[in-house]
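Residue numbers (the numbering used here): 78 to 515.
Single-structure report; data block below.
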Amino acid sequence: MAKKYLIWNEEMETMPREELGKVQLKRFRETLERVYNKVPLYKKLFDEAGVKPSDLKSLEDVAKFPFTVKQDLRDNYPFGPFAEPLEDVTQIHATSGTTGKMTVSGYTDHDMKVWAEVMARVYAAGGTKKGDIIHNAYGYGLFTGGLGFHLGAHEVGATIVPVSAGLTKRQVTIMQDFGCTVLVCTPSYALVLAEAIEEAGLDAKKDLKLRIGFMGAEPWTDKMRMEIEKRLGLEAFDIFGLAEIIGPGVSVECPAHNGMHIAEDHFYPEIIDPATGEPLPYGTPGELVFSTLTKEAFPLVRYRTRDLCVLHVEKCACGRTMVRMGKITGRTDDMLIIRGVNVFPSQIEDVLLSFAELSPHYIIYVDRPKDMDLLTVEVEATEKLFDEGWDAVKGMEGKVKKALAEALYVSSKVNIKEPFGIQRSQGKAVRVVDRREL
Ligand code: AMP
Ligand code: ZN
78 MAKKYLIWNE
88 EMETMPREEL
98 GKVQLKRFRE
108 TLERVYNKVP
118 LYKKLFDEAG
128 VKPSDLKSLE
138 DVAKFPFTVK
148 QDLRDNYPFG
158 PFAEPLEDVT
168 QIHATSGTTG
178 KMTVSGYTDH
188 DMKVWAEVMA
198 RVYAAGGTKK
208 GDIIHNAYGY
218 GLFTGGLGFH
228 LGAHEVGATI
238 VPVSAGLTKR
248 QVTIMQDFGC
258 TVLVCTPSYA
268 LVLAEAIEEA
278 GLDAKKDLKL
288 RIGFMGAEPW
298 TDKMRMEIEK
308 RLGLEAFDIF
318 GLAEIIGPGV
328 SVECPAHNGM
338 HIAEDHFYPE
348 IIDPATGEPL
358 PYGTPGELVF
368 STLTKEAFPL
378 VRYRTRDLCV
388 LHVEKCACGR
398 TMVRMGKITG
408 RTDDMLIIRG
418 VNVFPSQIED
428 VLLSFAELSP
438 HYIIYVDRPK
448 DMDLLTVEVE
458 ATEKLFDEGW
468 DAVKGMEGKV
478 KKALAEALYV
488 SSKVNIKEPF
498 GIQRSQGKAV
508 RVVDRREL
């Protein structure tokens with residue numbers, strides 16, 4: 078791998094797997110002791126399952142321990158799952174659940190150091206270093222995105238511009254005037270920015286200095302990555318995380334662009350069959366489960382993320398030995414069942430992005446008129462297609478409908494809207510609206 082890419086922590090990130098396993102086992106034991114002795118939720122869960130921390134003799138024993146789920150956190154809202162007294166918790170974040178109460182995350186000073194370390198690994202993976210100017214358009218606040226990227230920027234010694242979300246035109250001005258070299262934001266907002274740059278009559282490749290982008294917090298495809306790279310003139314890296322585990326920094330794509338390396342010395346990953354809970358071998362898709370190995374305030378054991386992906390353990394060209402996770406292909410709870418057929422929104426996105434005549438802004442509606450599921454995909458035409466007139470747009474609708482039917486094995490209605498006919502998001506895009514009353 079070319080020298081412009083860096084490995085922040087050579088010792089840990091390239092550690093032989095056998096050695097890494099020893100580190101993980103030791104840390105896993107410590108975490109089990111911590112939660113069993115300090116968090117009533119775990120005492121209850123372990124006692125019910127008839128397991129004790131000392132039952133973990135090897136990493137194979139991990140599967141003996143019970144899972145935790147979002148509901149456990151809600152039931153103990155807000156601070157019940159914490160293993161340290163509140164006075165030692167120096168930062169709090171929260172993520173809104175789709176229903177019900179927020180999930181609250183707490184960090185001690187030590188946990189903040191862990192977060193800074195894993196975020197520094199993220200930045201370095203794309204080649205960020207001192208001298209870079211980071212435009213941070215992730216939202217600052219309870220959401221972990223903004224402050225997580227902020228923290229890591231200080232760790233690598235780069236200059237951080239805490240723009241946060243919103244006021245898109247001003248963001249373009251800042252990027253240009255400040256000479257920002259690294260852009261961090263959601264992939265959907267990257268496209269909004271690309272559009273605003275073009276609208277301002279600028280060419281990102283000539284008028285801006287962007288080199289690197291770290292986009293995450295929502296699912297996106299490789300096609301979308303290429304679109305972002307082309308329009309913003311940067312190399313884009315997928316970054317994954319969730320507030321419960323630490324926030325951004327759980328894993329990041331490396332320059333080989335063949336998956337996101339998990340910081341396995343801090344977060345222990347498993348893939349399970351979401352229906353049975355059985356652990357699945359590397360290479361088999363399933364639900365991602367994490368245990369934290371070094372967190373003090375808010376440790377989690379076998380937390381079910383509901384995210385679906387696959388783990389790869391084979392050697393990576395970048396030299397890191399840490400397991401790679403494939404792109405999130407869906408969630409156990411966002412899979413749509415349309416007339417009995419499983420449909421993932423990412424499959425629809427894949428089809429839409431394969432048409433040069435369409436812009437990458439879309440919304441998927443699911444309705445149930447007369448007890449029949451109806452899938453409607455609204456997507457924008459490019460200026461070029463729209464200028465060609467009504468017949469061209471209608472013809473394209475037919476083509477997209479056919480391509481969707483072939484990919485999804487289910488028919489859909491396709492509405493192609495005029496350019497800017499779909500509302501823009503400032504953060505995570507709402508791309509699926511399920512209006513069925515089940
Ligand atoms: P939050 O805790 O609010 O940041 O949300 C975490 C969730 O966002 C994860 O469980 C994933 O479903 C999603 N997510 C985060 N990063 C990514 C990513 N790079 N690709 C796909 N989904 C992501
Ligand atoms: Zn790699």
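Glycine included, C-beta positions come from ideal geometry on N, C-alpha and C.
Query: For His338: DSSP bridge partner residues; Result: Val329, Arg401
Query: Exposure of His227, with buried meaning 16 or more beta-carbon neighbours within 10 Å; Result: buried
Query: Per-residue DSSP class, three states only, for His389; Result: strand
Query: Start and end residues, alpha helix (DSSP H) containing Lys141; Result: Note, Lys141: premise wrong, no alpha helix (DSSP H); not H, not E.
Query: Neighbouring residues (CB closer than 5 Å to any heavy atom of the ligand ZN); Result: Cys331, Ala333, Cys393, Cys395, Arg397
Query: Sequence-distant residues of the same chain with beta carbon closer than 8 Å to Ala160, five excluded per side; Result: Arg111, Val112, Lys115, Val116, Glu373, Ala374, Phe375, Pro376
Query: Among Leu150, Glu107, Gln148, Arg151, nearest to Pro130 - alpha-carbon criterion; Result: Glu107
Query: Backbone secondary structure at Ile210 - three-state DSSP; Result: strand
Query: Thr409 Cβ short of 7 Å to the ligand AMP heavy atom set; Result: no
Query: Asp468 CB to nearest heavy atom of the ligand AMP below 7 Å; Result: no
Query: Three or more C-beta pairs below 8 Å linking the stretch 466 to 474 and the stretch 396 to 409; Result: no
Query: Opposing strand residues paired with Val181 [DSSP bridges]; Result: Ala171
Query: Strand pairing of Leu365, partner residues [DSSP]; Result: Ile348
Query: Sequence ranges, beta strand (DSSP E) only - wholly within the stretch 203 to 285, length at least 3; Result: 210 to 213, 236 to 238, 259 to 262
Query: DSSP state of Ile499 mapped onto helix, strand, coil; Result: coil
Query: Lys141 versus Tyr380: straight-line alpha-carbon distance, rounded; Result: 14 Å
Query: Through-space distance from Leu133 to Leu260, alpha-carbon basis; Result: 42 Å
Query: Backbone secondary structure at Ser131 - three-state DSSP; Result: helix
Query: Limits of the unbroken beta strand (DSSP E) element including Asp444; Result: 435 to 444
Query: Proximal residues to Tyr41 (C-beta, below 6 Å), its chain only, five neighbours per side dropped; Result: Beyond the ends of the chain as shown, which are 78 and 515, falls residue 41; an answer cannot be given.
Query: Cβ-heavy atom distance, Glu347 to the ligand AMP, below 7 Å; Result: no
Query: Whole-number beta carbon distance between Ile322 and Phe367, since they are thought to touch under 8 Å; Result: 5 Å
Query: As assigned by DSSP and simplified to three states, the class of Pro117; Result: helix
Query: For Leu97: DSSP bridge partner residues; Result: Per DSSP, none; premise fails for Leu97.
Query: Identity of the residues DSSP links to Arg408 by a beta bridge; Result: Asp384
Query: Distance, Thr298 Cα to Leu435 Cα; Result: 16 Å
Query: Paired residues, beta bridge with Leu451 - DSSP; Result: Asp444
Query: Three-state secondary structure assigned by DSSP to Leu370; Result: coil
Query: Span separating the alpha-carbon of Gly498 from that of Glu457; Result: 6 Å
Query: Residues near Arg408 by beta carbon distance below 6 Å, same chain, minus five either side; Result: Arg383, Asp384
Query: Close beta carbons around Ala506, own chain, < 7 Å, minus the five adjacent residues each side; Result: Ser265, Glu295
Query: Rounded separation between Thr175 and Leu150 - CA only; Result: Any reading at Thr175 needs caution, since the residue's pLDDT is 39, under 50, leaving its predicted position unreliable; the model's value is listed next. Their Cα atoms are separated by approximately 14 Å.
Query: Segment limits, beta strand (DSSP E) that includes Glu312; Result: 312 to 319
Query: Own chain residues within Cβ distance below 6 Å of Pro356, not counting five before or after; Result: Ala140, Glu347, Ile349
Query: Exposed unless 16 or more other CB atoms sit within 10 angstroms - verdict on Thr221; Result: buried
Query: Residue burial classification, His231 (beta-carbon count within 10 angstroms, cutoff 16); Result: exposed
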